[in-house]
Amino acid sequence: MSTEVAPERAEVPSAREIRQEIRDWRRGRAELKWGEAISDAYVALFCVVMIGAMAGNVVLNLRQLADETCTGSCGEVRSAAPWLVALAVALLALGMSRLLGPVFSPPASNSWVLSSPVDRGGLLRPGWLRTTALTAVGAALLLVAPAVLSGFAWHEAVVYLVAGSATALACVGVAALSQVHEDPVSRWLTWLVTVVLWVVLGLSATHELERLPEVSPGVVLAVAVAMVVVAVLLAWRSAAAVGKVSRRVLGQTEHLSPSLSGALSSVDLGLMYDVLLARRWGRGAHVRSHTGGPLGWAALVHRDLRRALRTPQPYVLLAGLVLVPYAAAEADAGRAVVLATTFAGLLGGPALCVGLRVVVRTEGLARMMPFRRQRLLLAHLVVPGGALMLFALSTTPTLVDEVSGGGAVNLAIACGLSSIAATVRWITGKPPNYAAPMVSTPAGGAPTGIIFSVLRGFDVWAITALPLMFGQGGMLFSTIISIGVIAFLTSDGIQPPAQQPARKPTGK
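Here the working numbering runs 29 ahead of the position in the sequence shown, where the first position is 1.
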């Protein structure tokens, strides 16, 4: 008579043991020595200290200049500037958290570790805690400059930094809970913060916002403590809820981080924009087809109009940026208003050029179109170019005091052409050519054009926007340069196969 022994059940490891195994595996295959790491850390720390000292000197000089020259209506904008920056930092933290997670796991962990019968919260909680710490520290660093420029005392600046960091952390906590429970609360909060920021900026730019009412220090301290408590509670609640997030939700962002890291490693902001663009349209790929419409190059314009009606968010953002030049004029910026106008146009322009970006980076699709490349690009530039020109013309009242007669309209047109030229330069930038000879750098070999790719678009903005500050001659020079840049970047002799002359048959 034989007796069978039941196989023993394997003991399930804990999340801490799995993290320790992963850490040992990575350390066993690390190739960087401690001496090299310390040397790199020393160089990085030295660069941070040097750049921080330079930036601090600039901020202190700007504060002294503002104290000497800022009076009257300029003081209104200056008193509201710290709170505008705090709202902008909170909006930035909320937008980045919605884009990247904020509950995130690498693709390898999502495929191998999270599929095992291990406490998922124990695996994701350390990453979430690092995210909260990075949010708090990053928000505080971004708020240092407005705290210094606003003229706060040291204790007021500390309360301002703590309240601003707590607000950003609370927004990230809301985004994490919204991701775990798959509800639209974070999207509603994003629109709410955007509307509040736009209203405060509008009041500052239209003389409607006088100096902020005096509030007792006790009330300010109580509000700051309340924000800290809310942020801590949201972070703690999110840390307890990360174990309930599904693999499907984590899989929505698992390929985003490697793609963005690859784009940033090559300093190619255009490739990073392509990654974000693909993710944006991939999540909302359900569209309704429409028949009919014009023919020829007008069909491309019609498609851009349809796209603008389907997703009007970039145009709403551009319309909201109209307040930036008005706020600059309210702050007595003088002729520097044209810099604010053109730079705001450059910031809002690339999001409008989705169709242009697709045909530029997809040469196969461009060759399939029955148009020359010049006509193809100009057709896709009609809608975003018209929006940027309307944006510039809407800032004409801010330019009336700088030029006389009808020169304000001409200056606004020159600003619009400058924004269009800089946007086209940014959109039509080619990816790095790795087949070309490499340049030796401390980080290894790099293509020749990769070093200046981060300045793409901003170089044209500087060349075309700075002359606008020097009267009629500078305006004429800027207009000629802008038109020349647009004509050069959209001109190409590529002949699509549909228009190439057919070869005559040769036979005996």
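Ideal placement from N, C-alpha and C gives every residue a C-beta, glycine not left out. Since we're looking at a predicted model, the values are computed, not measured.
Can you give the Cα-Cα distance for Ala-416 and Ile-456, rounded to whole angstroms?
Looking at the two C-alpha atoms, the distance is approximately 16 Å.
Looking at Leu-505: is its Cβ nearer than 9 Å to the Cβ of Arg-364?
Cβ distance not < 9 Å, so Leu-505 and Arg-364 don't count as in contact.
Within the chosen definition, does the stretch 339–350 reach the stretch 368–382 through at least 3 CB pairs nearer than 8 Å?
Counting Cβ pairs under 8 Å, three or more are found: they touch.
Determine the DSSP secondary structure at Pro-476, reduced to helix, strand or coil.
Of the three classes helix, strand and coil, the one that applies to Pro-476 here is strand, per DSSP.
Per DSSP, which residues does Met-467 bridge with? Please list them.
Answer is Pro-476, bridged to Met-467.
For Ala-23, tell me which candidate among Phe-517, Leu-178, Glu-50 and Leu-123 has the shortest Cα-Cα distance.
Not covered by the structure: residue 23. The range shown for the chain is 30 to 537.
Just to confirm, is the Cβ distance from Val-222 to Ala-73 under 9 Å?
Not in contact: Val-222 and Ala-73 (Cβ atoms no closer than 9 Å).
Run the CB neighbour count on Gly-322, radius 10 Å, all protein chains shown included, and call it buried at 16 or more, exposed below.
Burial call: exposed.
So which of Tyr-302, Gly-503 and Leu-405 has the shortest CA-CA distance to Leu-518?
Considering only alpha carbons, the answer is Leu-405.
Going by CA-CA distance only, name the one from Ala-328, Ala-464 and Val-367 that's closest to Leu-410.
Out of Ala-328, Ala-464 and Val-367, Ala-328 has the C-alpha closest to the C-alpha of Leu-410.
Am I right that Ala-3 and Ser-511 are in contact with their C-beta atoms under 8 Å? What's the rounded C-beta distance?
The shown model of the chain, from 30 to 537, leaves out residue 3, and the question about it has no answer.
Quick one: what's got a C-beta closer than 6 Å to Trp-227's C-beta in the same chain, skipping five residues either side?
The residues are Gly-349.
Quick one: using the 10 Å Cβ neighbour count with 16 as the cut-off for buried, is Glu-359 buried or exposed?
Its Cβ being crowded by 16 or more others within 10 Å, Glu-359 is buried.
Can you tell me where the alpha helix (DSSP H) holding Gly-502 begins and where it ends?
Unbroken alpha helix (DSSP H) run through Gly-502: 500–519.
Out of Val-224, Val-188, Ala-516 and Trp-63, point me to the one whose CA is closest to Leu-346's CA.
When only C-alpha atoms are compared, the closest one is Val-224.
Return helix, strand or coil for Asp-212, following the three-state DSSP convention.
Note: Asp-212 maps to coil in three-state DSSP.
Could you tell me which of Ala-307, Cys-76, Gln-403 and Arg-332 sits nearest to Ser-318, measuring between CA atoms?
Looking at the Cα atoms, Arg-332 is the closest of the given residues.
Round the Cβ separation of Ala-109 and Pro-175 to the nearest angstrom and send it over; I've been treating them as touching at under 8 Å.
Contact doesn't hold; Cβ gap of about 11 Å is too wide.
With a CB to CB cut of under 6 Å and the five nearest residues on each side skipped, what residues in its chain are close to Ser-194?
Closer than 6 Å at the Cβ level, and outside the excluded window around Ser-194, lie Ala-165, Ala-168 and Ala-169.
If you check the beta carbons only, do Leu-298 and Val-483 fall under 9 Å apart?
The answer is yes: Cβ separation under 9 Å.
In angstroms with no decimal places, state the Cα-to-Cα distance between Ile-479 and Arg-485.
Going by the C-alpha atoms only, they are around 10 Å apart.
Run through DSSP, which three-state label would Phe-487 get?
Phe-487 falls in the helix class under three-state DSSP.
Would you check if the stretch 148–157 and the stretch 259–272 touch, i.e. whether three or more CB-CB distances between them fall below 8 Å?
Taking 8 Å as the limit for Cβ pairs, the verdict is that the stretch 148–157 does touch the stretch 259–272.
Using only the alpha-carbon positions, how far apart do Glu-185 and Met-256 sit?
Cα-Cα distance, rounded: 16 Å.
Ignoring anything shorter than 4 residues or poking outside the stretch 347–426, list the alpha helix (DSSP H) runs there in chain order.
You should have 352–359, 366–377, 383–390, 392–397, 402–409 and 411–422.
Could you give the first and the last residue of the continuous alpha helix (DSSP H) run that contains Thr-164?
Run containing Thr-164: 149–171, per the alpha helix (DSSP H) assignment.
Compute the distance between the beta-carbons of Ala-260 and Gly-325, then report whether it is under 9 Å.
Against a cut-off of 9 Å, the Cβ pair of Gly-325 and Ala-260 comes out as no contact.
Between Val-412, Phe-75, Phe-481 and Val-248, which has its C-alpha nearest Pro-341's C-alpha?
Pro-341 has its Cα closest to that of Val-412, out of Val-412, Phe-75, Phe-481 and Val-248.
Just the C-alpha distance for Thr-161 and Thr-391, rounded to the nearest angstrom, thanks.
Cα to Cα, the separation comes out at about 39 Å.
Whose C-alpha, out of Leu-171, Phe-133 and Leu-178, is nearest the C-alpha of Gly-156?
That would be Phe-133, whose Cα lies nearest to the Cα of Gly-156.
What's the call for Thr-219, buried or exposed, on a 16-neighbour Cβ count within 10 Å?
Result: buried.
Compute the beta-carbon to beta-carbon distance between Leu-198 and Ser-267, rounded to the nearest angstrom, for a pair I have assumed lies under 8 Å.
That belief does not hold up - the Cβ atoms of Leu-198 and Ser-267 are roughly 10 Å apart, past 8 Å.
Under a three-way DSSP split, which group does Ser-194 fall into?
Helix.
Which residues in the same chain have their Cβ closer than 7 Å to the Cβ of Ile-492, if we skip the five residues on either side of it in sequence?
Excluding positions up to five away in sequence, the list reads Ile-510.
Let me know if Gly-64 comes out buried or exposed under the rule of 16 or more other beta-carbons within 10 Å of its beta-carbon.
So Gly-64 ends up on the exposed side.
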